[in-house]
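**Student:** Can you keep this structure in mind? I'll have questions shortly.
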Amino acid sequence: MQDTSKKSPMELINEVPPIKVQGRFVACEGDSDPALGHPIEFICLDLAEPAVCKCCGLRFVQDHHHH
Numbered sequence: 259m260q261d262t263s264k265k266s267p268m269e270l271i272n273e274v275p276p277i278k279v280q281g282r283f284v285a286c287e288g289d290s291d292p293a294l295g296h297p298i299e300f301i302c303l304d305l306a307e308p309a310v311c312k313c314c315g316l317r318f319v320q321d322h323h324h325h
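Numbering (the working numbering), first residue to last: 259 to 325.
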């Protein structure tokens, strides 16, 4: 039987808030430790909704600073 009290990997990654970055593009490696990460995934942030890394599921949004 499967333990339903534990969260799935997708539930856990969805708990991580979108990461705010400056600029239109971000390079996701999954983790700062190369042994725990994935190949670099370049992600465009032109859309209004968060962009999702297709390797690890982290979400990114463009941080618009208003001066």
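Even for Gly, the Cβ is constructed at its ideal location relative to N, Cα and C.
Three-state secondary structure (DSSP) at Ile277?
**Tutor:** Position 19 of the sequence shown holds residue 277. Three-state DSSP puts Ile277 in a strand.
**Student:** Which residue marks the beginning of the alpha helix (DSSP H) containing Glu269, and which one marks its end?
**Tutor:** On the sequence shown, residue 269 is found 11 positions in, with the first residue counted as 1. Unbroken alpha helix (DSSP H) run through Glu269: 267-272.
**Student:** Going by other Cβ atoms of all chains shown within 10 Å of its Cβ, with 16 needed for buried, is Val284 buried or exposed?
**Tutor:** As a working note, residue 284 is residue 26 in the sequence shown. When all chains shown are included, Val284 counts as buried.
**Student:** Rounded to whole angstroms, what's the CA-CA distance from Lys352 to Val279? Just pull it up for me.
**Tutor:** With the chain represented from 259 up to 325, any question about residue 352 goes unanswered, as that position is not in the structure.
**Student:** By how many angstroms is the C-alpha of Asp321 removed from the C-alpha of Gly281?
**Tutor:** Looking up residue 281 in the sequence shown gives position 23. Looking up residue 321 in the sequence shown gives position 63. Each residue's Cα considered, the two are about 8 Å apart.
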